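Residue numbers for the sequence shown follow the numbering used here, beginning at 402 and rising by one.
Even glycine gets a Cβ: it sits at the ideal position worked out from N, Cα and C.
Every value quoted in this text rests on a predicted model; they were computed, and no experiment measured them.
One structure below.
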Amino acid sequence: MLRKLFHKKIDKPVENKDIKGKITGIYSEDLQFFQNTYKDCFDIVFHCFETIEQRKAVIIYIQGLSDPEELNENVIKPLLTTEGASGERFSMIPVSQMKTLKTYEECIQSISAGLPVLIMDGDESALSLGLAKSEKRNIEEPVGESVIRGPREGFTEVLAVNTSLLRRKIHSPKLKMLQMSIGKYSQTSVVLVYIEDLAATQLIEEAKQRLEGIDIDGILESSYIEEFIEDTPRSPFPQLLSTERPDTVVANLLEGRIAILVDGTPFSIIAPATLFSFIQSSEDYYQRYIISTMIRWIRYPFFLVSLLLPSFYVALTTFHQEMIPTDLIISMASAREFVPFPTFIEAFLMEITFEALREAGLRLPKQIGSAVSIVGALVIGESAVQAGIVSPAMVIVVSITGIASFMIPRYAFGFSLRILRFPMMILAGTLGILGIMLGICGIVIHLCKLRSFGVPYLSTLAPAHADQFKDSLVRAPFWKFNTRPRLTGKYNQYRQSSNQKPKPPTNE
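Laid out in structure tokens, this is it:
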């Protein structure tokens with residue numbers, strides 16, 4: 402019986418072939434089409450009525466996505482009480498945003514977006530009413546990108562709010578926003594944002610081509626888009642910058658980049674991105690340039706520490722003990738006297754345990770997550786040392802590595818270093834310093850080949866542009882930022898007038 406059930410031929414659902422058809426103007430046929438389309442959808446409301454001129458009409462909307470009070474007051478009431486309200490242009494309906502729809506497909510898209518659709522007998526077009534309403538989260542400070550000095554507002558899950566945050570910062574009509582729908586069933590609104598005359602034409606066209614080439618059932622988060630449009634999907638390094646901060650998006654738009662906003666998520670995508678984009682923080686531009694430069698110089702060596710410190714420790718203690726000072730090697734040897742594992746296994750177990758604690762701290766409720774991760778690390782580390790499973794030096798190495806990884810401003814890039822840390826430890830445990838150098842060479846070669854929308858990942862270093870070092874290795878004062886980054890061959894080079902250096906007052 403079960404075998405017959407599983408082998409029974411299942412008929413595919415028959416798609417409505419008239420969805421792209423035009424509205425007929427025959428009330429009964431148009432109403433029947435939408436009732437069949439939205440069959441078994443309890444949240445779809447069909448409000449049928451007759452106008453004061455005895456014309457049949459129906460308003461179709463989704464319960465919870467449209468404002469019924471505004472609909473009753475500004476649409477239904479005028480149609481029931483005002484002569485001429487159902488004319489060709491519906492001039493008596495006090496709704497600011499109205500759009501004429503000609504096809505069933507346009508009507509379905511409008512209804513899905515929360516915009517009620519008005520259909521009247523005898524009209525071969527429908528009317529989309531700008532009365533969408535949905536619950537939304539307040540504008541708050543991004544948790545993952547908090548700053549001491551700078552704007553405290555972040556994107557929300559509502560696309561219209563996110564676009565308005567950008568418009569508040571850039572008032573010029575040169576700010577362009579191209580909207581498209583991606584997803585066969587979700588029909589998620591995606592907006593391509595750029596500043597005309599700053600972003601290269603070939604960059605905009607390439608982004609549009611990649612977005613239009615996405616064919617998927619649904620888009621739930623911007624990471625879906627990111628995986629479809631990045632240049633090298635198998636690379637461990639992120640090639641697009643994601644952020645919740647409107648000021649970060651605006652700053653990159655002013656440098657000639659593009660941004661992609663996705664409805665339903667506060668995370669936007671910025672392209673193209675380079676290695677330095679992931680090591681820099683938005684707060685670097687809100688502090689004085691001397692402070693920001695010092696912080697960057699601290700951040701860069703710790704970037705290497707987070708990747709290489711466990712590997713160097715494994716290589717030195719396993720193959721190159723002669724490179725360690727005598728007093729230190731004696732102290733380390735005495736501490737490891739009762740440790741039953743080789744250094745490589747010891748480091749591997751500690752790193753995995755640290756990653757597990759970090760992940761557990763993220764997944765637990767906020768009230769107990771931080772306490773569990775900190776207390777767990779202290780208790781497990783102390784207990785492991787007392788039990789003789791690991792040495793105190795290994796606990797110190799893993800702790801410093803973890804602290805160094807927290808200094809990476811971008812979570813996605815920090816996660817890439819955490820992934821590469823393990824193969825680097827394997828190379829160090831098998832080949833020593835030679836294995837580390839081979840791993841570094843492999844990473845550098847990969848980074849040299851990596852592209853983000855055609856832009857070299859190591860831009861400002863390879864290819865080298867001396868005039869671009871002012872915003873990579875250091876953070877120069879703003880009166881030095883006369884030119885934009887060289888993202889493309891043709892670009893709007895100058896972004897401010899020269900000779901803006903503050904001049905000391907003259908003594909009279």
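How far does the beta strand (DSSP E) with A527 in it reach, from first residue to last? Residue 527 sits at position 126 when you count from the first residue of the sequence shown. Start and end: A527 to L530.
If you measure between the beta carbons of S920 and G515, is that distance less than 8 Å? A question about residue 920 goes unanswered here, because the residues of the chain that appear run from 402 up to 909.
On the DSSP bridge list, what partners appear for C449? The sequence position of residue 449 within the sequence shown is 48, counting from 1. Paired residue(s): V459.
Would you check if the region 634-642 and the region 595-612 touch, i.e. whether three or more CB-CB distances between them fall below 8 Å? no
Best match in N473, L655, I841 and V459 for proximity to I571 [C-alpha to C-alpha]: As a first step, residue 571 is located in the sequence shown; it is residue number 170 there, counting from the start. Looking at the Cα atoms, L655 is the closest of the given residues.
Check this for me: beta carbons of R697 and M808, under 8 Å apart or not? By 1-based counting over the sequence shown, the position of residue 697 is 296. By 1-based counting over the sequence shown, the position of residue 808 is 407. Going by C-beta atoms, R697 is not nearer than 8 Å to M808.
So what's K423 in DSSP terms, helix, strand or just coil? Sequence index remark: in the sequence shown, residue 423 carries index 22 (1-based). In this structure, K423 counts as strand in the three-state DSSP scheme.
Can you grab the Cα-Cα spacing for the pair N417 / K537, in whole Å? As a working mapping, residue 417 is identified with position 16 in the sequence shown. As a working mapping, residue 537 is identified with position 136 in the sequence shown. Low local confidence applies: a pLDDT of 47 at N417 is under 50, so the model's placement there is unreliable, with the coordinate-based value given in what follows. Using only the alpha carbons, I get a separation of about 33 Å.
Classification of V544 by the beta-carbon crowding that lies within 10 angstroms, buried from 16 upward: Along the sequence shown, one-based indexing puts residue 544 at 143. In this structure V544 is exposed. Its beta-carbon is surrounded by fewer than 16 other beta-carbon atoms within 10 angstroms.
Just the C-alpha distance for R896 and L874, rounded to the nearest angstrom, thanks. Your numbering for residue 896 matches position 495 in the sequence shown. Your numbering for residue 874 matches position 473 in the sequence shown. Between R896 and L874, the C-alpha separation is close to 20 Å.
Beta-carbon separation of L391 and L472 under 8 Å? The question about residue 391 has no answer here: the residues shown for the chain are numbered 402 through 909.
Give the DSSP-derived three-state secondary structure of S817 in the structure shown. Here residue 817 is taken as the residue at index 416 of the sequence shown, counted from 1. Three-state result, S817: helix.
Neighbourhood of M733 by C-beta distance below 6 Å, restricted to the same chain and skipping five residues each side: On the sequence shown, residue 733 is found 332 positions in, with the first residue counted as 1. Excluding sequence neighbours, M733 sits near A794.
Cβ neighbour criterion (16 or more within 10 Å) applied to P905: Sequence index remark: in the sequence shown, residue 905 carries index 504 (1-based). Exposed: under 16 other Cβ atoms inside 10 Å.
In angstroms with no decimal places, state the Cα-to-Cα distance between D351 and S735. No answer is possible for residue 351: the residues shown for the chain start at 402 and end at 909.
Which word fits I461, buried or exposed, when buried means at least 16 other C-beta atoms lie within 10 angstroms of its C-beta? Looking up residue 461 in the sequence shown gives position 60. Buried, since its Cβ has 16 or more Cβ neighbours within 10 Å.
Y812 by DSSP, collapsed to three states: which one? Within the sequence shown, residue 812 is the residue found at index 411, counting from 1. The answer is helix: DSSP assigns Y812 an H, G or I state.
Please confirm whether Y687 and R553 have their CB atoms less than 8 Å apart. Within the sequence shown, the letter at position 286 stands for residue 687. Within the sequence shown, the letter at position 152 stands for residue 553. Cβ distance not < 8 Å, so Y687 and R553 don't count as in contact.
How is V476 classed by DSSP in three states: helix, strand or coil? Stepping through the sequence shown from its first residue, residue 476 is reached at position 75. DSSP places V476 in helix when its eight states are reduced to three.
Going by C-alpha to C-alpha distance, which of R811, Y505 and Y586 sits closest to L432? Residue numbering aside, residue 432 sits at position 31 when the sequence shown is read from its first letter. If we check each option's Cα against that of L432, Y505 comes out closest.
Work out the CA separation of V548 and E723 for me, nearest whole Å. By 1-based counting over the sequence shown, the position of residue 723 is 322. By 1-based counting over the sequence shown, the position of residue 548 is 147. Straight through space, the alpha carbons of V548 and E723 are spaced by roughly 45 Å.
Cβ atoms of I620 and I583: under 8 Å apart, would you say? The count along the sequence shown starts at 1 and reaches residue 583 at position 182. The count along the sequence shown starts at 1 and reaches residue 620 at position 219. In contact: I583 and I620 (Cβ atoms closer than 8 Å).
Apart from the five residues on each side of it in sequence, which residues of its chain come closer than 6 Å, Cβ to Cβ, to Q498? Translated into positions along the sequence shown, residue 498 becomes position 97. Cβ within range, chain order: G531.
Using the beta-carbon count (16 or more within 10 Å), is D728 buried or exposed? The sequence position of residue 728 within the sequence shown is 327, counting from 1. Answer is exposed; the Cβ neighbour count stays below 16.
Once you ignore the five residues that flank I615 on each side, which residues in its own chain have a CB closer than 6 Å to its CB? Position 214 of the sequence shown, counting from 1, holds the residue named residue 615. Answer for I615: I583 and F629, listed in chain order.
Run through DSSP, which three-state label would K405 get? Start at 1 with the first residue of the sequence shown, and residue 405 comes out as number 4. A caution first: K405 carries a pLDDT of 47, below 50, which makes its placement in the model unreliable, though a value can still be read off. Helix at K405.
Give every residue of the same chain whose Cβ lies closer than 7 Å to the Cβ of F703, excluding the five residues on either side of it in the sequence, and list them in chain order. Stepping through the sequence shown from its first residue, residue 703 is reached at position 302. The answer, listed in chain order, is A805 and M808.
Taking 8 Å as the limit between beta carbons, can you name the residues of its chain near I680, skipping five residues before and five after? To locate residue 680, count along the sequence shown from 1; it is residue 279. If we look at I680 and ignore the five residues flanking it on each side, its Cβ neighbours are R697, R700, Y701, F704, I809, P810, R811 and F814.
K500, DSSP secondary structure in three states: As a working note, residue 500 is residue 99 in the sequence shown. Here K500 sits in strand by DSSP.
Does the separation of the CB atoms of I463 and D444 fall below 8 Å? Against the sequence shown, residue 463 aligns to sequence position 62. Against the sequence shown, residue 444 aligns to sequence position 43. Cβ distance < 8 Å, so I463 and D444 count as in contact.
Run of the alpha helix (DSSP H) containing L835, from where it starts to where it stops: Walking along the sequence shown from the start, residue 835 turns up at place 434. I834 to K850 is the span of the alpha helix (DSSP H), which, as asked, contains L835.
Would you check if the distance between the CB atom of T483 and the CB atom of I453 is smaller than 8 Å? As a position in the sequence shown, residue 483 is number 82, starting the count at 1. As a position in the sequence shown, residue 453 is number 52, starting the count at 1. Closer than 8 Å, so yes.
Backbone CA spacing between V496 and R819 [nearest angstrom]: Within the sequence shown, the letter at position 95 stands for residue 496. Within the sequence shown, the letter at position 418 stands for residue 819. Spanning the two alpha carbons is a distance of roughly 54 Å.
Are S365 and A674 closer than 8 Å when you measure CB to CB? Residue 365 cannot be examined here, being either before or after the span of the chain that is shown, 402 to 909.
Output needed for V562: all residues of its chain with C-beta closer than 8 Å, excluding positions within five of it in sequence on either side, in chain order. One-based indexing of the sequence shown puts residue 562 at position 161. Excluding positions up to five away in sequence, the list reads K537, I540 and F556.
Excluding the 5 residues flanking I477 on each side, which residues of the same chain have their C-beta closer than 8 Å to its C-beta? Your numbering for residue 477 matches position 76 in the sequence shown. The residues are H448, F450 and I460.
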